[in-house]
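Residue numbers (our numbering), protein chains in the order written: chain A, 1189 to 1364; chain B, 1189 to 1364.
Glycine included, each C-beta is placed from N, C-alpha and C at the ideal position.
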């Protein structure tokens, strides 16, 4: 599917910096202070990085969830991939689950269920939420139904990448 | 220790975006393509987020290492904190260990040793390296001996954070 300039929400790195401060200010004003930020990789990593400092949270973790395989192309269900984080370490903690966007909300729902199963209390934070989401994040910077150009992904990978297995390839026993 | 404007290297979010592309271009030109990006939290998270997309690497992980407790204030040795990531999942992989800055290099050295012990092949990437580092990262965007203002930490936490235990506090059995 192609996306014209008119139906795009364009987030620059600079505006992302503003989003982090505004979202953190809203979270602080809500009286909520997470003990752990759990970022859904890869999209949630920039917001985790920003909120960790803006909310003064030292403990972070990453969970790899594969759902989108391309623009508007999805796997049947979100799948958690290695390397795995020891979610048992989160038991009893206030965990803020962080992603870039709540689109269908299914990825967030899968991760929230996994974390709650450890006995943690969870809330969710995203940069954008879409009207289509089935999970309403407690904290969303903005709502949009447009295609979003994020500053970390809009340009695509740099040219000239070596033709080697990338991070989603099977284990090789002869690393280059 | 105070740092005047004249002895500061100021990185904006926008310039950080440029740094990510330039560093990724250099890594690609070197013929290196990691299978896993391992970010040292918290400082390494923004660069992991950027490089994951720019280098087309889907697998990321986070390791929490505490060393700095404030400006120019350090623990005796870097300490790895929970939640733990299953480093055994990295065996045989090309792992790029990522941080914001190689200052003394001791944090990078600790993490590289942990990852190599699993049988992974490691390289390191940072935004800045300092002349004082004992570990020379394979990939550093710039070298400086000045204090660095990173866009994610320069402003400090937002005001009004609730007086609740943050992410480095002991486990509580009564989350708010």
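- As DSSP reads the structure, residue 1310(B) sits in a beta bridge with 1283(B).
- Scanning its chain for C-beta atoms nearer than 8 angstroms, with the 5 sequence neighbours on each side dropped, one finds around residue 1269(A) the residues 1252, 1253, 1254, 1356, in chain order.
- Less than 8 angstroms separates the beta-carbon of residue 1274(B) from that of residue 1271(A).
- About 3 angstroms separates the CB atoms of residue 1293(A) and residue 1323(A); that is less than 8 angstroms, so the two are in contact.
- Beta-bridge pairing by DSSP links residue 1272(A) to no other residue.
- Inclusion of residue 1205(B) and residue 1335(A) in the CB contact set at 8 angstroms is not warranted, their separation being larger than that value.
- In the three-state scheme derived from DSSP, where H, G and I count as helix and E and B as strand, residue 1201(A) is classed as helix.
- In this structure, 1327(A) is the residue among 1310(A), 1308(A), 1327(A) with its C-alpha nearest to the C-alpha of residue 1316(A).
- For residue 1236(B), the enclosing alpha helix (DSSP H) starts and ends at 1233-1242.
- For the 8 angstroms CB-CB criterion, residue 1332(B) and residue 1197(B) form a contact.
- Between residue 1296(A) and residue 1290(A), the C-beta spacing is below 8 angstroms.
- Residue pairing by DSSP places residue 1335(A) opposite 1196(A) in a beta bridge.
- Close to residue 1278(B), with beta-carbon spacing below 8 angstroms, are these residues of chain A in chain order: 1271.
- Beta-bridge partners of residue 1228(A) (DSSP): 1251(A).
- Its chain contains 1212 as the residues whose beta carbon lies nearer than 6 angstroms to that of residue 1243(B), once the 5 sequence neighbours on both sides are disregarded; these appear in chain order.
- Against chain B, the CB of residue 1233(A) has a partner CB under 8 angstroms away; the residue lies at that interface.
- By the C-beta density criterion, residue 1231(A) is buried, having at least 16 other C-beta atoms within 10 angstroms.
- Approximately 15 angstroms separates the beta-carbon atoms of residue 1233(A) and residue 1247(A); this is outside 8 angstroms, ruling out the contact.
- Residue 1340(B) is not a Cβ neighbour of residue 1216(A), given a cutoff of 8 angstroms.
- Closest in C-alpha terms to residue 1353(A), from the list 1282(B), 1203(B), 1343(B), 1264(B), comes 1282(B).
- Among the residues facing chain B, residue 1301(A) is not included, as its CB has no counterpart in that chain under 8 angstroms away.
- Residue 1304(B) and residue 1312(B) have their C-alpha atoms spaced approximately 12 angstroms apart.
- Counted as a single uninterrupted DSSP element, the alpha helix (DSSP H) harbouring residue 1300(B) occupies residues 1294-1304.
- Taken through DSSP and simplified to helix, strand or coil, residue 1326(A) comes out as coil.
- Setting aside the 5 residues that flank it on each side, residue 1278(A) is surrounded in the same chain by 1224, 1303, 1306, 1308, each with a C-beta closer than 7 angstroms to its C-beta; the list follows chain order.
- Selection 1226(B), 1218(B), 1207(B) evaluated against residue 1299(B) yields 1226(B) as nearest (Cα-Cα).
- In the three-state DSSP reduction, residue 1208(B) falls in the helix class (H, G or I).
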